[in-house]
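Protein chains in written order, with this note's numbering: chain G, 25 to 510; chain P, 45 to 532; chain S, 594 to 694. C-beta: ideal position from N, C-alpha, C; glycine also. Just so it is clear, the structure is predicted and the values come from calculations on it, not from any experiment. What follows is a set of notes on a single structure, which appears directly below.
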Amino acid sequence: MSPDPHSHYEVVIGLEVHCQLRTTSKLFSPAPVTYGEPPNHSVHPVCLALPGVLPVLNGHAVDLAIRAGLAAHCTVHECSIFARKNYFYPDLPKGYQISQFEDPICTGGWVDIPDEEGKGTKRIALTRIHMEEDAGKSIHDAAVAGDATHVDLNRAGVPLLEIVSEPDLRSPAEAVAYLKTLRAILRYVDVSDADMEKGHFRCDANLSLRPKGEAELGTRTELKNLNSFRFVEEALEAEIVRQAQLLDDGGAIQQATMAYDPSTGRTRVLRLKENSDDYRYFPDPDLVPLRISAEQIEAARSSLPELADAKRRRFEQQFELSAYDASLLTESRALSEFFEAAVAAYGPAKPVANWILRDVLQALGEQEREIDQVQLTPEALASLIRLVDEGRTNAKSARGLVPDLVAEGGDPEALVRERGLEAVSDSGVLEAAVDEVLAAHPDNREKYQAGEKKVVNFLMGQVMKRTQGKADPGSVREILLRKLEE
Amino acid sequence: MAEALATLTELSAALDAGDVSSAELVDAALARAEASAGRLGAFLSLRGEPARAAAANADRRRAAGERRSLLDGVPVAVKDNVVQQGEPSSCASHILEGFVSPYDSTVVERLEAAGAVLVGRTNMDEFAMGSSTEHSIGGPAHNPWDTERSTGGSSGGSAAAVAAGIVPGALGSDTGGSIRQPASFCGVVGLKPTYGRVSRWGLVAFASSLDQIGVFGRTAADAALLLEAIAGHDPRDSTSLPEPAPNLSAALDGDVAGLVVGLPREYFVEEGVDPEVLACVREAVAELERAGAKVREVSLPNTRFAIATYYLIATAEASSNLARFDGVRYGHRAEGDGGLDAMYRTTRSEGFGAEVKRRILLGTYVLSAGYYDAYYRKAMQVRTLLRRDFEQAFRGCDVIATPTTPEVAFRLGEKTDDPLKMYLSDIYTVSCNLAGIPGLSLPCGFAHQMPVGLQLLGPALEEARLLRVADAYQRRSDFHTRRPPEPA
Amino acid sequence: MAHITREDVERIAALARLSLSEAEAVRAVSDLEEILSYVDLLDQAETGGVEPTHHVIPLATPLRDDAATERIDPELAVSNAPSAKGTAFVVPKVIDGEEGG
């Protein structure tokens with residue numbers, strides 16, 4: 025095993041996340057925000073940067089930006105300025121992007137991430153959050169565009185938040201934890217769907233190394249287009265290895281934009297940053313300053329739902345759940361709400377937690393659904409658990425119903441009846457079944473009495489078979505043990 | 045009736061009375077435009093068929109007693125940088141050759157809603173950058189008073205079209221004087237409204253914080269009618285004032301008794317101005333005094349910084365506004381297979397004229413790293429000083445009167461070699477745009493047989509006041525009724 | 594002291610995606626030099642403590658309802674394009690080494 029390249033270096037990582045806001049229309053035009061449409065089917069003269077067009081700001085996008093800033097504990101500024109970032113690229117139709125520069129809507133802020141040991145949290149500071157419009161798409165794929173490039177402006181003008189962290193992250197694992205936490209926060213406050221596959225949540229990373237104990241930052245490189253958590257972790261690891269190797273060999277890091285190649289597991293230089301780009305930022309004269317009143321900010325603050333952190337602590341306390349279970353149940357607001365509703369319908373929290381974390385989540389995973397897309401209701405789950413409690417069906421049968429309840433809904437009681445899953449608890453039937461099994465496997469009684477307790481499992485299995493799995497295991501075990509000891 | 049030089053007001057009344065039809069007016073306008081094309085170069089394109097169809101509709105409405113407004117059925121023209129759906133909009137630039145707009149500017153929508161008939165698109169300096177309408181792919185425009193002289197610019201085509209009686213009214217745009225200066229050179233009324241008064245939706249941007257669409261007419265009354273039709277809040281323009289269109293015609297009561305006219309000493313410096321021009325302006329002011337106005341000297345102390353301030357701000361904004369002309373989505377694209385960057389460079393180098401390139405370079409420099417504070421930010425600060433100058437001056441007067449230009453229309457070709465010299469001739473007009481206040485030029489005499497313009501400046505939102513003063517003056521003078529010589 | 598050099602002009606021309614011929618570049622240096630020298634005049638303006646004017650009119654921020662009310666017909670969107678394939682714009686490929694954003 026190769027020596028840990030980190031051991032004599034401290035890793036310093038800062039992340040920039042671009043997150044798509046959940047709006048119906050674009051940031052500065054009334055064109056719809058869509059996904060997967062053919063090229064240029066969701067554009068308007070403003071998106072095309074036709075001569076003479078002008079931007080008008082989407083009020084809902086502002087509301088969402090405020091919510092995000094408050095959820096991340098930022099200072100939300102009552103006055104912020106939109107600025108033009110000037111550069112040429114085919115998917116940037118105006119030749120400039122409307123963004124924010126010196127006066128962003130939010131500054132400061134922080135996000136608490138679970139620390140590496142899983143015991144406490146580490147606070148990651150944010151530098152700023154600002155609003156900007158997305159660019160369109162350039163399609164270089166030869167199969168589509170031959171030896172040219174196709175430009176699709178459907179995405180041009182979609183509202184984004186750029187969230188910049190301080191370089192407080194110290195490992196790829198921390199970076200991923202930060203991204204997951206940030207994503208959960210954004211989803212919690214309904215600011216973004218933050219779906220990485222759809223490109224709603226894009227991450228660029230800045231990474232540098234410095235000898236442990238040194239205060240001065242090393243030269244950093246930038247990694248772009250990291251479009252999954254796994255890629256983020258792998259790419260950062262690869263870049264750490266590269267930089268450590270270079271520094272160990274006495275070389276120097278050059279400022280560059282890097283690309284990660286998953287097939288080689290290595291990063292390579294995409295572009296050297298010799299001069300920093302001159303974007304010639306200036307306040308956009310087509311827009312006036314964005315003024316938000318203190319009242320508007322307070323109203324947004326009161327309308328925020330209970331955030332994940334607070335909810336997790338409350339679940340630990342109120343429902344006496346472990347930190348681990350509480351954090352899983354609060355990962356999404358929808359799941360936490362489902363849980364609480366089921367508890368309200370059922371009573372004790374622990375069994376509900378178990379059923380959700382074990383069976384419901386498994387069904388969700390297999391069916392590739394989110395909790396807000398299920399047919400299973402919290403009341404139905406409560407009812408299902410009660411059926412087992414009352415011995416009306418056994419746990420195994422009940423668990424088997426969960427996938428169907430998730431997919432199609434229904435009343436558990438009715439389903440148990442329809443599928444003949446009622447537990448066989450008639451003692452007469454059970455006694456007879458046990459007798460039959462013992463008769464069929466006579467030597468097991470001696471084996472049991474000689475100390476081989478595990479034959480019970482075998483015999484239990486046989487009884488379950490004979491009762492088509494419907495016998496109540498508890499009762500069967502009781503009868504079996506009694507008869508074995510006779 | 046000499047329709048050719050009738051005012052918009054007179055033509056509208058004639059339509060109402062049934063003395064003439066819209067079809068006749070429009071046909072006559074188109075015929076005059078075609079006949080004068082070589083001599084004046086006022087138009088870049090004409091739209092005969094759609095205009096005739098619109099005229100027919102206007103006549104039908106009139107017959108049914110359903111005229112939409114006083115503009116209904118009257119032929120007008122718009123500057124080529126004001127887009128119109130289905131019409132070519134080149135902004136007099138090679139880079140936009142062939143571009144047909146798929147949408148209407150707000151002002152075109154409003155003119156058409158009022159029933160006005162748009163007969164064609166007028167000549168201009170490329171992307172409104174110029175003061176002579178010489179930098180145009182359509183060739184220069186010629187002053188109807190002396191075709192060897194410039195119309196002024198950048199809205200020279202619109203000014204010439206009204207001066208020559210091709211149309212009684214036209215739209216232009218004004219960023220540093222581009223309506224007022226050609227109005228002065230061509231002997232017509234030209235008005236630039238308060239910034240934000242008229243929507244910029246559909247105006248191809250030159251300098252976003254300075255541009256305004258404005259109007260040309262033969263009289264203040266005509267200008268009032270046109271401005272009323274196009275002004276007012278537009279939700280598609282974030283810099284649009286919340287006010288609805290003002291009622292301007294009602295302000296034209298001819299009464300200037302007690303009105304205080306301020307004369308800024310910095311604008312009446314002998315050595316900067318042609319003495320004959322100055323004499324006309326002083327006489328016009330004296331006429332206002334005879335009508336009951338009071339005259340007072342005021343000061344606009346930061347005037348000498350105005351040109352530098354203007355050119356830094358305007359070119360900076362322009363350099364960014366013109367980045368969209370890259371050959372990707374519309375307009376000219378250069379041939380060649382040298383890849384994307386080569387395409388950009390060649391397209392833009394082929395597509396833009398020399399003056400536009402010069403301003404893009406200056407503007408890019410002004411915004412570039414290391415220079416932003418020294419140039420752009422500094423200019424924005426001086427802009428504040430210029431605004432304060434006007435606020436201060438208007439505490440002591442109601443309107444400010446100045447010459448519109450230091451000299452009468454220059455000869456074509458006279459200034460094209462020296463950009464700075466051209467820029468300096470804008471000295472009287474640029475401050476108005478920097479401060480965002482309304483400004484108007486009206487004919488007030490002749491010098492060297494060429495028209496002289498009187499400029500009136502007012503506080504923000506006071507177009508009515510400017511038009512009242514202009515109208516009062518026009519009741520007591522006849523320079524606005526003079527006609528350029530007939531073609532030989 | 595010169596305000597602007599030939600290197601400056603080359604750099605700005607590159608930023609603005611303009612190709613200048615030798616004659617144009619020489620001319621640009623002298624034009625810009627003349628203009629920037631003139632602009633030195635602003636050093637005399639007393640701007641200490643003066644706020645820049647970015648907008649002459651103080652306006653409340655105009656906001657738009659978040660409704661997808663308009664789109665342009667895709668055929669019309671590319672109708673002015675020098676080169677299009679279906680409803681996509683077509684441009685030459687970026688040759689290696691060129692910058693994007």
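**Q.** Residue-level contact to chain G via CB, residue 378 of chain P, 9 Å cutoff
**A.** Against the second sequence, residue 378 of chain P aligns to sequence position 334. Chain G contact via Cβ: absent.
I need the straight-line Cα distance from residue 112 of chain G to residue 120 of chain G, nearest angstrom please.
Indexing the first sequence from 1 puts residue 112 of chain G at position 88. Indexing the first sequence from 1 puts residue 120 of chain G at position 96. Counting only the Cα atoms, residue 120 of chain G lies some 7 Å from residue 112 of chain G.
Practice prompt. Find the residues of chain S that neighbour residue 83 of chain G, judging by a C-beta separation of less than 8 Å, and give them in chain order.
Written response: Walking along the first sequence from the start, residue 83 of chain G turns up at place 59. In chain order: 656, 657, 658 and 659.
### Task
May I have the straight-line CA-CA distance separating residue 412 of chain P from residue 303 of chain G, to the nearest angstrom?
Working through the second sequence from its first residue, we reach residue 412 of chain P at position 368. Working through the first sequence from its first residue, we reach residue 303 of chain G at position 279. If I take the Cα positions, the gap works out to 8 Å.
Exercise for the section: Mind reading off the beta-carbon distance from residue 37 of chain G to residue 199 of chain G? Whole number of angstroms is fine, and I expect it under 8 Å. Expected result: The count along the first sequence starts at 1 and reaches residue 37 of chain G at position 13. The count along the first sequence starts at 1 and reaches residue 199 of chain G at position 175. Going by Cβ atoms, the distance from residue 37 of chain G to residue 199 of chain G rounds to 5 Å, so yes, they are a contact pair.
>> Per the DSSP calculation, residue 161 of chain G is bridged to which residue(s)?
In response: Along the first sequence, one-based indexing puts residue 161 of chain G at 137. Bridge partners of residue 161 of chain G: G:176.
* Environment of residue 124 of chain G [buried if 16+ CB atoms lie within 10 Å] -> One-based indexing of the first sequence puts residue 124 of chain G at position 100. Label assigned to residue 124 of chain G: buried.
For residue 236 of chain G and residue 130 of chain G, what's the separation of their Cα atoms in angstroms?
Position 212 of the first sequence, counted from the start, is the residue given in the question as residue 236 of chain G. Position 106 of the first sequence, counted from the start, is the residue given in the question as residue 130 of chain G. Residue 236 of chain G and residue 130 of chain G: Cα-Cα distance of roughly 33 Å.
Indicate whether at least one CB of chain G lies closer than 9 Å to the CB of residue 411 of chain P.
Reading the second sequence from its first residue, position 367 is the one you call residue 411 of chain P. Residue 411 of chain P counts as touching chain G.
Next item on the list: Can you give me the Cβ contacts of residue 310 of chain G inside the same chain, cut-off strictly under 6 Å, excluding the 5 residues immediately before and after it?
Entry: Locating residue 310 of chain G in the first sequence gives position 286, counting from the first residue. 78 and 79.
message = Using beta carbons (cut-off 9 Å, strictly below), is residue 665 of chain S in contact with chain G?
response = As a position in the third sequence, residue 665 of chain S is number 72, starting the count at 1. At least one chain G Cβ lies under 9 Å of residue 665 of chain S.
| If we ignore side chains and look at the alpha-carbon of each, how far apart do residue 611 of chain S and residue 680 of chain S end up? | What you label residue 611 of chain S is simply residue 18 of the third sequence in a count that begins at 1. What you label residue 680 of chain S is simply residue 87 of the third sequence in a count that begins at 1. The C-alpha of residue 611 of chain S lies about 29 Å from the C-alpha of residue 680 of chain S.
Query raised in the report: Under a Cβ-count criterion, where at least 16 other Cβ atoms within 10 Å of its own Cβ denotes burial, should residue 369 of chain P be classed as buried or exposed?
Result: Position 325 of the second sequence holds residue 369 of chain P. Buried, because 16 or more other Cβ atoms sit within 10 Å of the Cβ of residue 369 of chain P.
Contact check, residue 478 of chain P vs residue 430 of chain P, beta carbons under 9 Å
Within the second sequence, residue 478 of chain P is the residue found at index 434, counting from 1. Within the second sequence, residue 430 of chain P is the residue found at index 386, counting from 1. It is a contact, given that the beta carbons lie within the stated cut-off.
Exercise. Please check if any C-beta of chain S sits within less than 9 Å of the C-beta of residue 551 of chain G.
Key: Residue 551 of chain G is absent from the model: chain G starts at 25 and stops at 510.
For chain P, check one thing: does any of its Cβ atoms lie closer than 9 Å to the Cβ of residue 627 of chain S?
Along the third sequence, one-based indexing puts residue 627 of chain S at 34. Answer yes: the Cβ-Cβ gap between residue 627 of chain S and chain P drops below 9 Å somewhere.
**Prompt:** Should residue 475 of chain P be flagged as near chain S, meaning a C-beta pair shorter than 9 Å?
**Reply:** Reading the second sequence from its first residue, position 431 is the one you call residue 475 of chain P. Judged by the 9 Å Cβ criterion, residue 475 of chain P is not in contact with chain S.
Contacting residues, own chain, Cβ-Cβ under 8 Å from residue 533 of chain P (five flanking each side not counted): Nothing about residue 533 of chain P can be read from this structure; chain P reaches only from 45 to 532.
Checklist entry - By DSSP, does residue 503 of chain G sit in helix, in strand, or in coil? => result In the first sequence, counting from the first residue as 1, residue 503 of chain G sits at position 479. The answer is helix: DSSP assigns residue 503 of chain G an H, G or I state.
Just the Cα atoms here: how many angstroms apart are residue 684 of chain S and residue 230 of chain P?
If you number the third sequence from 1, residue 684 of chain S lands on position 91. If you number the second sequence from 1, residue 230 of chain P lands on position 186. Those two C-alpha atoms are separated by around 45 Å.
When you compare the CB of residue 110 of chain G with every CB in chain P, is at least one pair closer than 9 Å? By 1-based counting over the first sequence, the position of residue 110 of chain G is 86. It does; some Cβ of chain P falls within 9 Å.
* Give the residues of chain S in contact with residue 56 of chain G, contact being defined as C-beta atoms less than 7 Å apart. => Working through the first sequence from its first residue, we reach residue 56 of chain G at position 32. Simply 661 and 664.
So if I threshold CB-CB distances at 8 Å, which residues from the region 145-158 of chain P count as touching chain G?
Result list: 145, 146, 147 and 149.
* Could you work out which residue in P:157, P:171 and P:406 is closest to residue 275 of chain P when comparing CA atoms only? => Here the question's residue 275 of chain P lines up with position 231 in the second sequence. The closest CA to that of residue 275 of chain P, considering only P:157, P:171 and P:406, is found on P:157.
In DSSP terms, what residue 315 of chain G is bridged to: Working through the first sequence from its first residue, we reach residue 315 of chain G at position 291. In the DSSP secondary-structure assignment, residue 315 of chain G is bridged to G:103.
* Three-state secondary structure assigned by DSSP to residue 86 of chain G -> Along the first sequence, one-based indexing puts residue 86 of chain G at 62. In the three-state reduction of the DSSP assignment, residue 86 of chain G falls in the helix class.
Heavy atom of the ligand MN within 8 Å of residue 90 of chain G beta-carbon
The ligand content of the structure shown is nil, which means the ligand MN is not present either.
Within 9 Å of any Cβ in chain S, is that where the Cβ of residue 354 of chain G sits?
Translated into the one-based positions of the first sequence, residue 354 of chain G becomes position 330. By this cut-off, residue 354 of chain G is not an interface position.
Next on the checklist: Taking the beta carbon of residue 616 of chain P as the centre, do at least 16 other beta carbons fall within 10 Å, making it buried, or is it exposed?
Outcome noted: Residue 616 of chain P cannot be examined here, being either before or after the span of chain P that is shown, 45 to 532.
Quiz item: Among residues of its own chain, excluding the 5 on either side of residue 252 of chain P, which ones have a beta-carbon nearer than 7 Å to its beta-carbon?
Solution: Locating residue 252 of chain P in the second sequence gives position 208, counting from the first residue. Residues of the same chain with a CB within less than 7 Å of the CB of residue 252 of chain P, apart from the 5 flanking positions on each side, are 361 and 365 in chain order.
| task | With 9 Å as the threshold, decide whether the Cβ of residue 679 of chain S is near any Cβ in chain G. | result | For the purposes of this step, residue 679 of chain S is taken as residue 86 along the third sequence, with counting starting at 1. True, the Cβ-Cβ gap to chain G drops below 9 Å.
Along chain G, which residues have their Cβ under 7 Å away from the Cβ of residue 361 of chain P?
Position 317 of the second sequence, counting from 1, holds the residue named residue 361 of chain P. Simply 309.
query = Which class does residue 7 of chain G belong to by DSSP, given the choice of helix, strand or coil?
reply = Residue coverage of chain G in this structure runs from 25 to 510, which leaves residue 7 of chain G outside it and unanswerable.
| message | According to DSSP, simplified to helix, strand and coil, what is residue 471 of chain G? | response | By 1-based counting over the first sequence, the position of residue 471 of chain G is 447. DSSP, reduced to helix, strand and coil, places residue 471 of chain G within a helical segment of the structure shown.
Original post:
When you compare only the Cα positions, how much space is there between residue 92 of chain P and residue 161 of chain P?
Top reply: Translated into positions along the second sequence, residue 92 of chain P becomes position 48. Translated into positions along the second sequence, residue 161 of chain P becomes position 117. When rounded, the separation of the alpha-carbon atoms in residue 92 of chain P and residue 161 of chain P is 11 Å.
- Starting from the C-beta of residue 395 of chain G, find all residues in its chain whose C-beta is less than 7 Å away, skip the five residues before and the five after it, and write them out in chain order. Indexing the first sequence from 1 puts residue 395 of chain G at position 371. Closer than 7 Å at the Cβ level, and outside the excluded window around residue 395 of chain G, lie 356, 358, 359, 362 and 388.
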